[in-house]
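*Asks:*
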DNA sequence: AATAAGTGATTAGCATGCTAACCATATCGT
DNA sequence: ACGATATGGTTAGCATGCTAATCACTTATT
């Protein structure tokens, strides 16, 4: 069954991608997932934790833990919102800003490797099919 | 850049797939990854831990922990190899066998959802492109 | 035969990621 | 104005998954 093969391929790609990412990120002293949070912050600095939770597709406690860890690393800092004392707003530190570019290089390297040898036509088809899958699973 | 979009789509699919799996597996009182180990065991009962580590693409300590947990759940058991007293051979218990089918139903459901609305031609192309990617990343 | 090198598995420690339960603050309804 | 409800975060506890260091047993080497 071709469907089974596709599922297995996707599983395979997911795990290999994760392993490969984590190996590269380790050289930046980061764990997988932290890169996503940091780069999201570069786009939306000062975002709240619950917004981060939506953006990164993970639960509030996960964000709370990650944010605490990254704060200890000195890559981000938190500030209580002035209007609503419940919310934490999260910001990149200077050190946090400095690590964004290396992260994006990792992403670039990864995606170059992954898509090596694909024609622009194949890329278009791939994008269309992946978009469909992403929509199906939502 | 289309390459960036494809990488983002893949990330998106990976996380959503993982979340969706874990939700379904929770109803079987399993965590993600455990399903892979159990079904691998159904195919190769009595396999060693280091072999499991290769098959599942994860490190020996990870397997050691998973195996310990699943043994506590009563789904698998270990037996020391007679010829080589270092190796553990891992087997499914009756309870372990019983959970295979529900797991495979979860996989089936997931893959049906993921590939919904795709023509057999699209499936063929998708398989080809994913195979290429899987090869690239290895 | 005794020691060195190699291999299978484990332990400790860290981080993501989850659920369930909880705390703190805001807002709504009466 | 006050009690109920909703919302943003946190804590505790579990599991996967990793590395580094270690233990246990085998196999080579001398």
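Chains as they are written, first to last, in this note's numbering: chain C, 6 to 143; chain L, 6 to 143. Positions of the beta carbon are idealized from the N, C-alpha and C atoms, including for glycine.
Return the Cβ separation of residue 58 of chain C and residue 64 of chain C in integer angstroms, given the expectation that the two are a contact with Cβ distance under 8 Å.
*Replies:* 6 Å
*Asks:* Taking Cβ positions, are residue 83 of chain C and residue 95 of chain C nearer each other than 7 Å?
*Replies:* A contact, by the Cβ cut-off of 7 Å.
*Asks:* Tell me whether the beta-carbon of residue 138 of chain C lies closer than 7 Å to the beta-carbon of residue 119 of chain L.
*Replies:* yes
*Asks:* Going straight from the alpha carbon of residue 15 of chain L to that of residue 135 of chain C, what length do you get?
*Replies:* Computed Cα separation, rounded: 7 Å.
*Asks:* Where does residue 40 of chain L land, buried or exposed, given buried means 16+ other C-beta within 10 angstroms?
*Replies:* It is buried - the Cβ of residue 40 of chain L has at least 16 other Cβ atoms within 10 Å.
*Asks:* Closer than 9 Å, Cβ to any Cβ of chain C: which residues of the region 106–130 of chain L, in chain order?
*Replies:* 112, 113, 115, 116, 117, 118, 119, 120, 121, 122, 123, 125, 127, 128, 129 and 130
*Asks:* Is the beta carbon of residue 141 of chain C less than 7 Å from the beta carbon of residue 121 of chain L?
*Replies:* yes
*Asks:* Given this structure, state the Cα-to-Cα distance separating residue 110 of chain C from residue 30 of chain C, to the nearest angstrom.
*Replies:* 10 Å
*Asks:* Are residue 6 of chain L and residue 42 of chain L closer than 7 Å when you measure CB to CB?
*Replies:* no
*Asks:* Whose Cβ in chain C lies nearer than 9 Å to the Cβ of residue 25 of chain L?
*Replies:* What residue 25 of chain L touches in chain C: 142.
*Asks:* Contact criterion: CB-CB distance below 7 Å. Does residue 20 of chain L meet it with respect to chain C?
*Replies:* For residue 20 of chain L, the answer is yes, since a Cβ of chain C falls inside 7 Å of its Cβ.
*Asks:* So if DSSP puts residue 146 of chain L in a beta bridge, which residue, or which two residues, is it bridged to?
*Replies:* Because chain L here runs from 6 to 143, residue 146 of chain L falls outside it and cannot be looked at.
*Asks:* Under 6 Å: does the beta carbon of residue 91 of chain C sit that close to some heavy atom of the ligand HEM?
*Replies:* Among the components of this structure there are no ligands whatsoever, and the ligand HEM is therefore not found.
*Asks:* Just to confirm, are residue 60 of chain C and residue 47 of chain C a CB contact at a threshold of 7 Å?
*Replies:* no
*Asks:* Taking the alpha-carbon of residue 93 of chain C as reference, which of C:17, C:53, C:18 and C:38 has the nearest alpha-carbon?
*Replies:* C:53
*Asks:* I need the straight-line Cα distance from residue 10 of chain L to residue 133 of chain L, nearest angstrom please.
*Replies:* 19 Å
*Asks:* Which residues, in order along the region 28–56 of chain L, keep a beta-carbon less than 9 Å from a beta-carbon of chain C?
*Replies:* 41
*Asks:* Starting from the C-beta of residue 108 of chain L, find all residues in its chain whose C-beta is less than 8 Å away, skip the five residues before and the five after it, and write them out in chain order.
*Replies:* 30, 33, 35, 40, 43 and 44
*Asks:* What does a CB cutoff of less than 8 Å around residue 75 of chain L pick up in its chain, not counting 5 residues either side in sequence?
*Replies:* 39, 42, 43, 81 and 101
*Asks:* Can you look up residue 80 of chain C in the DSSP assignment and give me helix, strand or coil?
*Replies:* In this structure, DSSP gives residue 80 of chain C a state outside helix and strand, which the three-state scheme calls coil.
*Asks:* Which whole-angstrom value is the C-beta distance of residue 21 of chain L and residue 143 of chain C, which I expect to be below 8 Å?
*Replies:* So it is a contact: roughly 7 Å between Cβ atoms.
*Asks:* Exposed or buried, what is residue 12 of chain L when buried is set at 16 or more other beta-carbons lying within 10 Å of its beta-carbon?
*Replies:* buried
*Asks:* To the nearest angstrom, report how far apart residue 97 of chain L and residue 56 of chain L are at their CA atoms.
*Replies:* Residue 97 of chain L and residue 56 of chain L have their alpha carbons spaced roughly 15 Å apart.
*Asks:* So for residue 91 of chain C, helix, strand or coil by DSSP?
*Replies:* coil
*Asks:* For residue 123 of chain L and residue 125 of chain C, I'd like the C-alpha separation in whole angstroms.
*Replies:* Those two C-alpha atoms are separated by around 21 Å.
*Asks:* Mapping the DSSP letters down to three states, classify residue 61 of chain C as helix, strand or coil.
*Replies:* coil
*Asks:* Let me know the secondary structure DSSP gives residue 53 of chain L once reduced to three states.
*Replies:* Of the three classes helix, strand and coil, the one that applies to residue 53 of chain L here is strand, per DSSP.
*Asks:* Beta-carbon within less than 7 Å of residue 37 of chain C's beta-carbon, same chain only, minus the 5 sequence neighbours each way: which residues are those?
*Replies:* Taken in chain order, the residues that qualify are 23, 26, 27 and 30.
*Asks:* Flag residue 69 of chain L as yes if its beta-carbon sits less than 7 Å from any beta-carbon of chain C, otherwise no.
*Replies:* With its beta carbon at least 7 Å from every one in chain C, residue 69 of chain L lies outside the interface.
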